[in-house]
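S.K.: Sharing a structure here in structure tokens format.
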Amino acid sequence: MLDYKSLLLALGVSAACLVVTLFGTWFSRRTDSFLLTLVVALALIVTGIFAYSSYTLQSGEMWVCMAYIFLVTGFSTTYAASVQFRTGRKPWMLTAVLSILCIAVGLPPLLADLDGVGLIVMNVAAAAFLVGTGWQYVAARREAPGPLCGMAILYALSGLSFVLCALVLITEKQWTLGQAPDNWAENLNLGVCIAGMTGIGALSLALHQWRMAAHHRHEAMTDALTGLMNRRALFEENGHRVLKPSTAVVVFDVDRFKSINDRFGHATGDLVLKLFAEDLRSGITPGQTVARLGGEEFTMILENVLPGRAEKVATDICRAFAARTIPVGDTILKCTVSAGIAVGSAGGEPFEAVLSRADNALFEAKRGGRDRVVVADYLRPVTVTETRTSA
Numbered sequence: 000m001l002d003y004k005s006l007l008l009a010l011g012v013s014a015a016c017l018v019v020t021l022f023g024t025w026f027s028r029r030t031d032s033f034l035l036t037l038v039v040a041l042a043l044i045v046t047g048i049f050a051y052s053s054y055t056l057q058s059g060e061m062w063v064c065m066a067y068i069f070l071v072t073g074f075s076t077t078y079a080a081s082v083q084f085r086t087g088r089k090p091w092m093l094t095a096v097l098s099i100l101c102i103a104v105g106l107p108p109l110l111a112d113l114d115g116v117g118l119i120v121m122n123v124a125a126a127a128f129l130v131g132t133g134w135q136y137v138a139a140r141r142e143a144p145g146p147l148c149g150m151a152i153l154y155a156l157s158g159l160s161f162v163l164c165a166l167v168l169i170t171e172k173q174w175t176l177g178q179a180p181d182n183w184a185e186n187l188n189l190g191v192c193i194a195g196m197t198g199i200g201a202l203s204l205a206l207h208q209w210r211m212a213a214h215h216r217h218e219a220m221t222d223a224l225t226g227l228m229n230r231r232a233l234f235e236e237n238g239h240r241v242l243k244p245s246t247a248v249v250v251f252d253v254d255r256f257k258s259i260n261d262r263f264g265h266a267t268g269d270l271v272l273k274l275f276a277e278d279l280r281s282g283i284t285p286g287q288t289v290a291r292l293g294g295e296e297f298t299m300i301l302e303n304v305l306p307g308r309a310e311k312v313a314t315d316i317c318r319a320f321a322a323r324t325i326p327v328g329d330t331i332l333k334c335t336v337s338a339g340i341a342v343g344s345a346g347g348e349p350f351e352a353v354l355s356r357a358d359n360a361l362f363e364a365k366r367g368g369r370d371r372v373v374v375a376d377y378l379r380p381v382t383v384t385e386t387r388t389s390a
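Here numbering that gives the first Met the number 0 is used: position 55 in the sequence shown is 54, and no number is missing along the way.
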């Protein structure tokens with residue numbers, strides 16, 4: 000059977016291997032900055048483990064103080080990494096504040112030969128940080144429920160094992176030890192931490208792969224120029240839908256876009272598309288769909304609207320874009336947009352069919368002189384300068 004010192008060494012080696020693994024994982028995709036913070040945290044914990052291992056071999060104030068400082072700093076950094084994962088905020092100020100607070104509370108008893116009290120503080124702090132880390136991952140579980148909930152459970156169990164270590168010292172009133180504590184709770188703590196370290200490492204790698212897959216999927220579904228949903232994403236989300244009369248599809252097209260590219264260059268053309276995408280975003284309520292179909296053509300899906308309301312939304316967007324002034328060198332560029340609208344039928348109509356009718360309405364708007372909105376079926380043109388009131 001392994002003794003306490005062997006278990007402690009195994010934990011240190013396991014943590015050191017995890018540091019190397021996670022650093023390599025972070026290095027492959029440096030956008031996951033929380034992984035680097037976690038690597039720093041584990042490096043501090045590994046240093047603390049080996050300092051504590053030295054304390055078990057030769058009792059001394061220096062070793063226990065070093066172990067305390069590195070361990071509480073490592074655990075506070077672990078918590079800060081979880082906060083960084085959930086919020087995206089840089090963790091270093093939080094790490095510094097928590098570490099300084101823990102050192103200020105626990106270091107004086109260690110220096111005053113009350114090493115038992117100092118170790119109780121360390122165990123309580125470690126438990127609080129680990130349980131807090133688990134809670135942060137639970138709060139962010141929507142991103143990847145499986146790995147995050149698994150990590151939260153392992154962090155919570157590890158934190159509970161530190162609570163048991165503190166309770167044994169308190170119940171036995173071991174305020175002064177003179178050596179590292181050696182009891183059933185300490186052995187259980189090491190076993191739980193070794194298992195937890197392995198599980199957390201595996202789940203961290205799974206989480207990294209999950210995030211990479213989500214990142215690549217987002218890139219595949221997003222128009223790189225405007226940041227809007229692209230055609231592929233539009234049809235993946237809506238291609239199977241059957242639309243009723245309460246759903247409207249609007250197709251927009253920037254008027255004379257080819258001449259803008261030919262006269263001012265493609266950089267100006269790209270700017271025009273980006274600005275129109277901004278107007279589309281600001282012209283709808285949250286939950287509505289906006290996408291770039293390709294080239295200078297965009298589409299919008301409006302839910303729970305009457306045709307008149309959809310017409311007004313499209314007209315307002317066209318009017319807002321026409322009012323823009325776009326500086327291009329010494330020239331002021333003004334652009335217009337045409338739009339076609341179609342709504343679903345009472346018996347239900349496939350999304351692609353409604354989109355096709357909206358595209359036909361757009362063609363009528365272009366043929367009718369551009370800078371206007373046309374609603375499919377009865378094809379009534381509305382110029383963007385017209386003042387309307389709609390339901």
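Using N, Cα and C, we set each Cβ at its ideal position, and we do this for glycine too.
Could you name the residues that DSSP lists as bridge partners for Pro108?
M.R.: Indexing the sequence shown from 1 puts residue 108 at position 109. DSSP, once it has assigned bridges, lists no residue as partnering Pro108.
S.K.: What residue range is occupied by the uninterrupted alpha helix (DSSP H) comprising Ala326?
M.R.: Position 327 of the sequence shown, counting from 1, holds the residue named residue 326. One point to set straight first is that residue 326 is Pro, not Ala, in the sequence displayed. Not the alpha helix (DSSP H): Pro326 falls in the beta strand (DSSP E), residues 325 to 327.
S.K.: Assign Ser258 to one of two classes, buried (16 or more other C-beta atoms within 10 Å of its C-beta) or exposed (fewer than that).
M.R.: Here the question's residue 258 lines up with position 259 in the sequence shown. Counting the other Cβ atoms within 10 Å of the Cβ of Ser258 gives fewer than 16, which makes it exposed.
S.K.: Could you compute how far the alpha carbon of Asp278 sits from the alpha carbon of Ile316?
M.R.: For this step, residue 278 is matched to residue 279 along the sequence shown. For this step, residue 316 is matched to residue 317 along the sequence shown. Between Asp278 and Ile316, the C-alpha separation is close to 6 Å.
S.K.: On the DSSP letters alone, give me the boundaries of the alpha helix (DSSP H) that Gly368 sits inside.
M.R.: In the sequence shown, residue 368 corresponds to position 369, counting from 1. Note, Gly368: premise wrong, no alpha helix (DSSP H); not H, not E.
S.K.: Taking buried to mean at least 16 other C-beta atoms within 10 Å of its own C-beta, is Leu34 buried or exposed?
M.R.: On the sequence shown, position 35 is the one that residue 34 refers to. So Leu34 ends up on the buried side.
S.K.: Output the boundary residues of the alpha helix (DSSP H) element that contains Val63.
M.R.: One-based indexing of the sequence shown puts residue 63 at position 64. 60 to 86 is the extent of the alpha helix (DSSP H) around Val63.
S.K.: Would you identify the three-state DSSP class for Ala357, choosing helix, strand or coil?
M.R.: The residue given as residue 357 occupies position 358 in the sequence shown. Correct three-state label for Ala357: helix.
S.K.: Out of Ala219, Glu310, Asn229, Gly200, which has the shortest C-alpha to C-alpha gap to Thr246?
M.R.: By 1-based counting over the sequence shown, the position of residue 246 is 247. Among Ala219, Glu310, Asn229, Gly200, the Cα nearest to that of Thr246 belongs to Glu310.
S.K.: By Cβ distance, which residues of its chain are closer than 8 Å to Gly149, with the 5 residues on each side in sequence left out?
M.R.: If you number the sequence shown from 1, residue 149 lands on position 150. Non-local beta-carbon contacts of Gly149 in its own chain, meaning distances under 8 Å to residues more than five positions away in sequence, involve Gly198, Leu202 in chain order.
S.K.: Pull up the CB-CB distance for Ala360 and Val373, whole angstroms please, since I reckon it's below 8 Å.
M.R.: Looking up residue 360 in the sequence shown gives position 361. Looking up residue 373 in the sequence shown gives position 374. Their Cβ separation, rounded to whole angstroms, is 4 Å, which keeps Ala360 and Val373 in contact under 8 Å.
S.K.: Using the rule of at least 16 other Cβ atoms within 10 Å of the residue's Cβ for burial, across every protein chain shown, is Trp62 buried or exposed?
M.R.: As a first step, residue 62 is located in the sequence shown; it is residue number 63 there, counting from the start. So Trp62 counts as buried.
S.K.: Note the first and the last residue of the continuous beta strand (DSSP E) segment covering Glu296.
M.R.: Here residue 296 is taken as the residue at index 297 of the sequence shown, counted from 1. Glu296 -> beta strand (DSSP E) spans 296 to 301.
S.K.: Expressed to the nearest angstrom, what Euclidean distance is found between the alpha-carbon atoms of Phe251 and Ile340?
M.R.: Position 252 of the sequence shown, counted from the first residue, corresponds to residue 251. Position 341 of the sequence shown, counted from the first residue, corresponds to residue 340. Cα-Cα distance, rounded: 9 Å.
S.K.: Compare the beta carbon distance of Ser75 and Ser98 with 8 Å and say whether it is the shorter of the two.
M.R.: As a working mapping, residue 75 is identified with position 76 in the sequence shown. As a working mapping, residue 98 is identified with position 99 in the sequence shown. Taking a C-beta distance under 8 Å as the contact criterion, Ser75 and Ser98 qualify as a contact pair.
S.K.: Relative to the C-alpha of Arg352, which candidate in Asp222, Val248, Leu8 has its C-alpha closest?
M.R.: Position 353 of the sequence shown holds residue 352. Looking at the sequence provided, one finds Ala at residue 352 rather than Arg. Minimum Cα distance to Ala352 is reached at Val248.
S.K.: Three or more C-beta pairs closer than 8 Å, one from the segment 263 to 272 and one from the segment 316 to 335: is that the case here?
M.R.: The segment 263 to 272 is in contact with the segment 316 to 335.
S.K.: Okay, do the segment 3 to 21 and the segment 170 to 190 touch, 3+ Cβ pairs below 8 Å being the bar?
M.R.: yes
S.K.: Going by other Cβ atoms of all chains shown within 10 Å of its Cβ, with 16 needed for buried, is Arg216 buried or exposed?
M.R.: Working through the sequence shown from its first residue, we reach residue 216 at position 217. By the neighbour-count rule (16 or more Cβ atoms within 10 Å), Arg216 is not buried but exposed.
S.K.: Applying the criterion that 16 or more other CB atoms from any shown protein chain within 10 Å of the CB defines a buried residue, is Trp25 buried or exposed?
M.R.: Start at 1 with the first residue of the sequence shown, and residue 25 comes out as number 26. Label assigned to Trp25: buried.
S.K.: Count the other C-beta atoms from every protein chain shown that fall within 10 angstroms of the C-beta of Gly73, then say buried if there are 16 or more, exposed otherwise.
M.R.: Here residue 73 is taken as the residue at index 74 of the sequence shown, counted from 1. Buried, because 16 or more other Cβ atoms sit within 10 Å of the Cβ of Gly73.
S.K.: Tell me the DSSP bridge mates of Leu242?
M.R.: Walking along the sequence shown from the start, residue 242 turns up at place 243. The partner list for Leu242 (beta bridge, DSSP) reads Glu348.
S.K.: Give me the residue from Leu147, Ala79, Ala127, Val162 with the minimum Cα distance to Met92.
M.R.: As a position in the sequence shown, residue 92 is number 93, starting the count at 1. The residue with the shortest Cα to Cα distance from Met92 is Ala79.
S.K.: In angstroms with no decimal places, state the Cα-to-Cα distance between Asp370 and Val336.
M.R.: The sequence position of residue 370 within the sequence shown is 371, counting from 1. The sequence position of residue 336 within the sequence shown is 337, counting from 1. About 5 Å.
S.K.: Is Ala223 helix, strand or coil when you go by DSSP?
M.R.: Counted from its first residue, the sequence shown places residue 223 at position 224. Coil.
S.K.: If we ignore side chains and look at the alpha-carbon of each, how far apart do Val96 and Met121 end up?
M.R.: Looking up residue 96 in the sequence shown gives position 97. Looking up residue 121 in the sequence shown gives position 122. If you take the alpha carbons of Val96 and Met121, they lie about 16 Å apart.
S.K.: How about Ile325 and Val271: do their beta carbons lie closer than 8 Å?
M.R.: Against the sequence shown, residue 325 aligns to sequence position 326. Against the sequence shown, residue 271 aligns to sequence position 272. Yes, the Cβ-Cβ distance between Ile325 and Val271 is below 8 Å.
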